[in-house]
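Chemist: To start, I am sharing the structure in question, which I have written as structure tokens.
In our numbering, the protein residues as written are 136 to 371.
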């Protein structure tokens, strides 16, 4: 762990999906210009389905007409669901030197979630050839990232108290027969999203080697959107 490296963390509660995209755009521009430290956003979204850059629309067929919004976005991966009870983490990190390794970055995201789940007595693991985190045969966390000029965006989604029925309307991550699970379903219904966010931020900092965590409030983090928009710097 490098005590000189600082991770800024903002816990934002429930955030509209499109607003979350705008915020990430603004933070990426700031991080690229070295006007901020690496930043981890922890939040929840209202019900929404999202599809990655090369995602197959067929995996969304049963979701069409459900009334739940669908967004195609600039991350990797296939289709997934976000909603209340799910912890979403958007990591805005500037990769340099040996850290410019996309596969290594994905493995670190997985490791951070595996360690956080372990803190609640849940034994999670990777699966060969796939991205994400599983408990037995069920998937508990998904990953989809974007990288813009070696600054990361998007990130992970981990089911804490998620309504799992929504996953039945899609083919999660494009994996036929994939069954999802949650922290609550695995016997830890006492754990809230806020509880898990606290554990996750510490696990993330440990895996990625940050020596210091700095909290940033919602008002301060959202002010970045207006500042970047005024400067005309953000862009997907």
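Don't be surprised by glycine CBs; every beta carbon is placed ideally from N, CA and C.
1. Alpha carbon to alpha carbon, what distance is there between residue 306 and residue 314?
2. Under 8 Å: do the stretch 314-333 and the stretch 225-234 share three or more Cβ pairs, one atom per stretch?
3. Residues in the same chain with beta-carbon distance under 8 Å from residue 153, minus the five sequence neighbours each way, listed in chain order, please.
4. Is the number of C-beta pairs between the stretch 256-267 and the stretch 347-362 that are closer than 8 Å three or more?
5. Would you list, in sequence order, the uninterrupted beta strand (DSSP E) runs of no fewer than 3 residues that lie entirely inside the stretch 146-181?
6. Roughly how many whole angstroms lie between the Cα atoms of residue 203 and residue 237?
7. When DSSP builds the beta bridges, which residues end up paired with residue 293?
8. Quick one: give me the first and last residue of the alpha helix (DSSP H) that residue 253 is part of.
9. Could you pull the start and end residues of the alpha helix (DSSP H) that residue 336 belongs to?
10. Residue 299 by DSSP, collapsed to three states: which one?
11. So what's residue 208 in DSSP terms, helix, strand or just coil?
12. Count the C-beta pairs between the stretch 260-274 and the stretch 283-290 that are closer than 8 Å, then say yes if the count reaches three, no if not.
13. Please report the straight-line C-alpha distance between residue 222 and residue 187, rounded to a whole angstrom.
14. Near residue 332, what residues of its chain come up, given a Cβ to Cβ distance below 8 Å and the 5 sequence neighbours on each side ignored?
15. Rank 142, 302, 239 by C-alpha distance to the C-alpha of residue 182 and give the top, closest one.
16. Can you say whether residue 371 is buried or exposed, counting buried as having 16 or more other CB atoms within 10 angstroms of its CB?
17. Got a sec? Which residues, its chain only, sit under 7 Å from residue 328 by beta carbon, not counting five neighbours each side?
18. If you compare alpha carbons, which of 174, 163, 251, 157 is closest to residue 348?
19. Let me confirm a value: residue 338 is counted as buried when at least 16 other C-beta atoms fall within 10 Å, else exposed. Which label applies?
Modeler: On the basis of the supplied data:
1. By 1-based counting over the chain shown, the position of residue 314 is 179. By 1-based counting over the chain shown, the position of residue 306 is 171. Near 9 Å, if we compare the C-alpha coordinates of residue 306 and residue 314.
2. no
3. Indexing the chain shown from 1 puts residue 153 at position 18. So the qualifying residues of the chain are 206.
4. no
5. 173-179
6. In the chain shown, the residue the question calls residue 203 occupies position 68. In the chain shown, the residue the question calls residue 237 occupies position 102. If you take the alpha carbons of residue 203 and residue 237, they lie about 31 Å apart.
7. For the purposes of this step, residue 293 is taken as the residue at position 158 of the chain shown. Answer is 222, 276.
8. Position 118 of the chain shown, counted from the start, is the residue given in the question as residue 253. Residue 253 -> alpha helix (DSSP H) spans 237-253.
9. On the chain shown, position 201 is the one that residue 336 refers to. 328-343 is the span of the alpha helix (DSSP H), which, as asked, contains residue 336.
10. Within the chain shown, numbered from 1, the residue matching residue 299 stands at position 164. Looking at residue 299 - three-state DSSP - the assignment turns out to be helix.
11. Your numbering for residue 208 matches position 73 in the chain shown. Coil.
12. no
13. Stepping through the chain shown from its first residue, residue 222 is reached at position 87. Stepping through the chain shown from its first residue, residue 187 is reached at position 52. Their Cα atoms are separated by approximately 19 Å.
14. Here residue 332 refers to the residue found at position 197 when the chain shown is read from its first residue. Correct list, in chain order: 146, 177, 222.
15. As a first step, residue 182 must be located in the chain shown, where it is residue number 47. When each option's Cα is compared against that of residue 182, the closest is 302.
16. Taking the first residue of the chain shown as 1, we reach residue 371 at position 236. The predicted model places residue 371 with a pLDDT of 49, which falls under 50 and marks its position as unreliable; any figure quoted below should be read in that light. Burial call: exposed.
17. For the purposes of this step, residue 328 is taken as residue 193 along the chain shown, with counting starting at 1. 179, 220, 222, 295, 296.
18. As a first step, residue 348 is located in the chain shown; it is residue number 213 there, counting from the start. The shortest Cα separation from residue 348 among 174, 163, 251, 157 belongs to 174.
19. One-based indexing of the chain shown puts residue 338 at position 203. So residue 338 ends up on the buried side.
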